[in-house]
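Asker: Residue 0 is where the sequence shown starts when you use numbering that gives the first Met the number 0, and the numbers rise one by one after that.
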Amino acid sequence: MISFPYQTQTAIEFAVDLFRQSKHVVVLTGAGISTPSGIPDFRSTGTGLWSSDEPMEVASLSTFRTAPERFFDWFRPLASQIFDAQPNSVHSALTGLENAGHIDSIITQNIDNLHQKAGSKNVIEMHGTMQTLTCTHCYQQAKTEHYLASFVEKGEIPHCPICDQILKPDVILFGEQLPQTAWFKAQRAARQCDLMLVAGSSLEVLPVAGLPMQALDQGAHLLIINNTQTYLNVRADVAILEDVAVIIPAIVERVLNG
Ligand SMILES: [Zn+2]
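#1: Quick check: A235 and L210, are their CB atoms within less than 8 angstroms of each other?
#2: Please tell me whether, using a cut-off of 7 angstroms, the distance from the CB of H136 to the nearest non-hydrogen atom of ligand 1 is below it.
#3: Check whether the Cβ of I161 lies closer than 7 angstroms to any heavy atom of ligand 1, and answer yes or no.
#4: Report the three-state DSSP secondary structure of G47 (helix, strand or coil).
#5: Have a look at I11 and D169 and give me their C-alpha separation to the nearest angstrom.
#6: Does the contact criterion of 3 or more C-beta pairs under 8 angstroms hold for the stretch 145-158 versus the stretch 64-71?
#7: Are there 16 or more other CB atoms within 10 angstroms of the CB of T9, so buried, or fewer, so exposed?
#8: Just to confirm my understanding: we take L113, look at its own chain, exclude 5 residues before and 5 after, and list those with CB closer than 7 angstroms. What are they?
#9: Determine the direct distance from the alpha carbon of R64 to that of A58, and round the result to whole angstroms.
#10: Using DSSP with H/G/I as helix, E/B as strand and the rest coil, what is P4?
#11: Would you say the stretch 95-114 touches the stretch 177-195, given that touching needs at least three Cβ pairs under 8 angstroms?
#12: Which partner residues of L196 appear in the DSSP bridge assignment?
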């Protein structure tokens, strides 16, 4: 087992106790748990592929509607990187907790399907998924895997098999509303939990960033593990400002094996 500095070790013990005392745990995950799988953080500027353009502008619904080829040009180098990514130790640890009955659901801001690839079942995707595409004209849905190779290799923009209009990835773009069903489910989960774990999210994107506040308002405990501060660290029972990929497996190991 890894040994941690005294302060971190104490925080880990406290987190383990919270898990043991809680009956309804909900986890909220963000980009920080996917970076160890090689997916660059959408919002850290100046790093990796995301810096080539301004995501807020090019990954917006209005750009998609007015100049879809610009959106697809920007998305092309990212598509297979996200689609082919593999889950890491955080995803596996959370799946282990879910399988052992310690987690009710995982609310995620990620679009990479990595929780499901790791075997998690009850995943609420707040920002959609890259697994499917939907026709902008007739709403026919299609699987991304059928279009990925020709798009990545030749830059062919995916078109609807029924009406030949452009297919839009089922990810929530800037300026686009959150999927209503997912949003209602997430709010219910936040209000009914007695512990919320925020993992790898800096809680900057509304409305999802407000979910831990809803949990706190209902008397839930809050545990935040993220390598940067969030607006709720001051309200958390425990906030660990460290690498999720190190801390979460250490906590889960203790919760599952005593
Ligand atoms: Zn169509």
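No residue lacks a Cβ here, since even glycine has one placed at the ideal position from N, Cα and C. Here the structure is a predicted model, which is why all the values come from computation and not from measurement.
Answerer: Looking at the coordinates:
#1: no
#2: yes
#3: yes
#4: Below a pLDDT of 50, predicted positions are generally treated as unreliable, and G47, at 43, falls in that range; no measurement from the model is reported.
#5: 37 angstroms
#6: yes
#7: exposed
#8: S33, S36, A84, P86 and H90
#9: 11 angstroms
#10: coil
#11: yes
#12: V26 and L222
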